[in-house]
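One structure is given below, encoded as structure tokens.
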Amino acid sequence: MEIEIATIGGYEEVGRQMTAVRAGDDIVVFDMGLNLSKVLIHDNIRTEEMRSLDLIDMGAIPDDRVMSELDGEVQAIVPTHGHLDHIGAISKLAHRYDAPVVATPFTRELVDEEVHDESEYVVNNDLISMEAGESMSIGERCELEFVNVTHSIIDAINPVFHTPEGSVVYGLDKRVDHTPVIGDPIDMKRFREIGREDGGVLCYIEDCTNANKKGRTPSEAVARHQLRDVMHSLEDWDGGIVATTFSSHIARVKSIVEFAQDIGREPILLGRSMEQYSGTADRLDGLDVDFPDDLGMYGHRKSVDRAFKRIMKEGKEKFLPVVTGHQGEPRAMLTRMGRGETPYELTNGDKVIFSARVIPEPTNEGQRYQSEKLLGMQGARIYDDVHVSGHLRQEGHYQMLDALQPQHVIPAHQDMAGFSGYVDLAGNNGYDLGRDLHVTSNGNTIQLV
Ligand SMILES: [Zn+2]
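When the sequence shown is numbered by this note's numbering, its final residue is 450 and no position is left out of the sequence of numbers.
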């Protein structure tokens, strides 16, 4: 059976991930993501109303025209998790394929919301839920399996495409976490089994976000411990405390909510995406999120302002707003608070906790710098970098190679400079560039069998 891989997006950047694997006549597409930085650099663009080709020209979504070079039928579109760089182009591209979107329940729900907000295209693809540990048939001879992984969003999986020539494991995005705060630990046992099955692993496509970093990515339990330390140290502060983190990082939001209650404050989630992600996670059964029943979540401008007014009236020392704006995004809640545009008045000594790291990119760095300066001018004290990454570092990459023992590896989710650490690591473990280690860019196909 011929096995061919098309590296469509996310091989020259972190963002707009998309990869297709053809096994005989059957194709599975992994991820259809958006490169948000290409959108945000323009003022006031509404992607919901934009055409696919314009977004492709901007470099915002994958250029899927290479799909016409693959001789087969798409049987499934499989987003690995709910981050926008993995699902954000489904609303623009999925309608071109007569195939269902197959995802874990939380990811499926986020795709559903994404598709619902789309105004340019009607996306009628079936949305199918499949849990980690489950499988489905693809064509006559292949199977798609979801293996549970741990990342900075809940319900993440690595899909495994079992073919008669061996398995193709799509390894985006994850870290090796045995204590993830919400959900099950990464299923390393299953990866090790797949590496030792008949046929083994034909190809492994790897998340190289942190491939240039030595050592091991700590568990989410470490970020939780850092947060507990910071927040408990503020127990006696009788002014304002505000926290910000990735809205989609439900485990982190849960830790902040719990420690807010521990130090005698009422947590309130504020901002459109805060309400969206946490609301969705709270609504779905079986995710083990366990937010308090009376947790306030407000997204619309008016209800946010009402919540802020209540906080100012009853006393800032009784509350802990968890807000959007960890990257200093100009229109996010924390940035607006810094500019004095909300009813919440920051005063000398108020604390702002960033449970996030600045994404190392000039736009983000500039915006975050500006946001921190504005907050500082109002007297706020900044607690920075209370965070651990969701992506493997080098020792995690080594563990995955050891578990899967793939015949071929393809680094992904970075640019050329970002691949270099992985190329070194794989090279030192017996792989040869051009033979079984395939460094590639967007829009290429690789024939493996
Ligand atoms: Zn991700």
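Don't be surprised by glycine CBs; every beta carbon is placed ideally from N, CA and C. As the structure is a prediction and not an experimental result, all values here were calculated from the model.
DSSP state of residue i mapped onto helix, strand, coil
i: tyrosine 205; result: strand
i: histidine 163; result: strand
i: isoleucine 6; result: strand
i: proline 170; result: Per the sequence presented here, residue 170 reads as valine, with proline not at that position. It is a strand residue.
i: glutamine 379; result: coil
i: glutamine 448; result: strand
i: aspartate 27; result: strand
i: phenylalanine 260; result: helix
i: isoleucine 354; result: strand
i: histidine 96; result: helix
i: glutamate 141; result: coil
i: leucine 41; result: helix
i: leucine 335; result: helix
i: valine 424; result: helix
i: glutamate 146; result: strand
i: valine 124; result: coil
i: arginine 176; result: strand
i: proline 63; result: coil
i: tyrosine 384; result: strand
Of the residues the options, the one placed nearest residue i, counting alpha carbons only
i: glutamine 328; options: Ala61, Gly341 and Glu366; result: Glu366
i: serine 442; options: Glu198, Ile42 and Tyr12; result: Tyr12
i: leucine 296; options: Ser274, Val323, Asp289 and Lys310; result: Val323
i: threonine 180; options: Arg253, Val170 and Glu236; result: Arg253
i: histidine 392; options: Thr336, Ala100 and Asp208; result: Asp208
i: valine 123; options: Gly444, Arg197, Arg23 and Glu50; result: Glu50
i: arginine 142; options: Ala24, Arg266 and Ala418; result: Ala24
i: glycine 363; options: Ala212, Gly10, Ile42 and Met298; result: Residue identity differs from the one stated: residue 363 is proline in this sequence, not glycine. Nearest of Ala212, Gly10, Ile42 and Met298 to proline 363, Cα basis: Ile42.
i: isoleucine 269; options: Leu285, Leu288 and Phe292; result: Phe292
i: glutamine 76; options: Asp99, Ser38 and Ala61; result: Asp99
i: histidine 82; options: Ile155, Val22, Leu402 and Ala95; result: Ile155
i: proline 361; options: Ser390, Gly341, Arg337 and Lys374; result: Ser390
i: glutamate 115; options: Leu203, Met137 and Pro80; result: Pro80
i: proline 331; options: Tyr299, Arg369 and Pro101; result: Arg369
i: histidine 301; options: Ile257, Thr281, Gln277 and Arg394; result: Gln277
i: valine 29; options: Asp58, Asp283 and Met137; result: Met137
i: methionine 33; options: Val15, Ser168 and Glu315; result: Val15
i: aspartate 72; options: Val40, Leu94, Ile242 and Ala21; result: Ala21
i: threonine 348; options: Arg229, Trp238 and Glu110; result: Trp238
i: arginine 52; options: Phe107, Gln262, Tyr399 and Arg97; result: Arg97
i: arginine 176; options: Gln408, Ser168, Pro186 and Ala418; result: Pro186
Unbroken alpha helix (DSSP H) run spanning residue i, endpoints
i: glutamine 400; result: 395-405
i: proline 106; result: 106-118
i: alanine 222; result: 221-234
i: serine 54; result: Correcting the residue type first, residue 54 is leucine in the shown sequence and not serine. Leucine 54 -> alpha helix (DSSP H) spans 53-58.
i: serine 274; result: 273-284
i: serine 153; result: Neither: serine 153 is in no alpha helix (DSSP H) and is coded neither H nor E.
i: alanine 413; result: Looking at the DSSP string, alanine 413 is not in any alpha helix (DSSP H); the run it does join, the beta strand (DSSP E), is 409-413.
i: phenylalanine 320; result: Taken as a continuous stretch (DSSP letters only), phenylalanine 320 belongs to no alpha helix (DSSP H), being part of the beta strand (DSSP E) at 320-324.
i: glycine 196; result: 189-197
Ligand 1 heavy atom lying under 7 Å from the CB of residue i
i: aspartate 230; result: no
i: isoleucine 154; result: yes
i: aspartate 174; result: yes
i: histidine 82; result: yes
i: histidine 301; result: no
i: histidine 87; result: yes
i: glycine 184; result: no
i: glycine 397; result: no
i: glycine 391; result: yes
Neighbourhood of residue i by C-beta distance below 8 Å, restricted to the same chain and skipping five residues each side
i: leucine 434; result: Val424, Gly428 and Val440
i: tyrosine 384; result: Val231, Lys352, Val353, Ile354 and Phe355
i: threonine 325; result: Thr245, Ser248, Leu271, Gly272, Arg273, Ser274, Met275, Ala333, Met334 and Leu335
i: methionine 2; result: Ala24, Gly25, Arg142, Thr164, Pro165, Glu166 and Val450
i: glutamate 318; result: Trp238, Asp239, Gly240, Gly241 and Arg266
Nonlocal neighbours in the same chain, by C-beta distance under 7 Å from residue i, ignoring five residues either side
i: proline 344; result: Asp306, Phe309, Lys310 and Met313
i: histidine 388; result: Ala224, Ser356, Ala357 and Arg358
i: valine 148; result: Ala133, Ile158, Asn159, Val161, Asp188, Arg191 and Phe192
i: aspartate 289; result: Ile183 and Gly184
i: tyrosine 432; result: Val410 and Leu438
i: valine 112; result: Pro80, Ile88, Ile91, Val102, Ala104 and Leu128
i: aspartate 386; result: Phe355 and Arg358
i: glutamate 396; result: Gly216 and Arg217
i: lysine 93; result: Ser53, Leu56, Ile62 and Tyr122
Bounding residues of the beta strand (DSSP E) (the contiguous stretch that carries residue i)
i: valine 79; result: 74-79
i: methionine 298; result: 297-299
i: alanine 244; result: 242-246
i: leucine 85; result: Premise fails: leucine 85 lies in the alpha helix (DSSP H), 85-88, not in any beta strand (DSSP E).
i: serine 130; result: 128-130
Chain C within 8 Å of residue i, Cβ atoms only
i: aspartate 185; result: Protein chains in the displayed structure number just one, and chain C is not present.
Residue i: CB within 7 Å of a non-hydrogen atom of ligand 3
i: arginine 302; result: Absence of ligand 3 from the depicted structure is noted, with ligand 1 being the only ligands included.
Own chain, CB closer than 6 Å to residue i, minus 5 neighbours either side, in chain order
i: alanine 212; result: Gly422 and Tyr423
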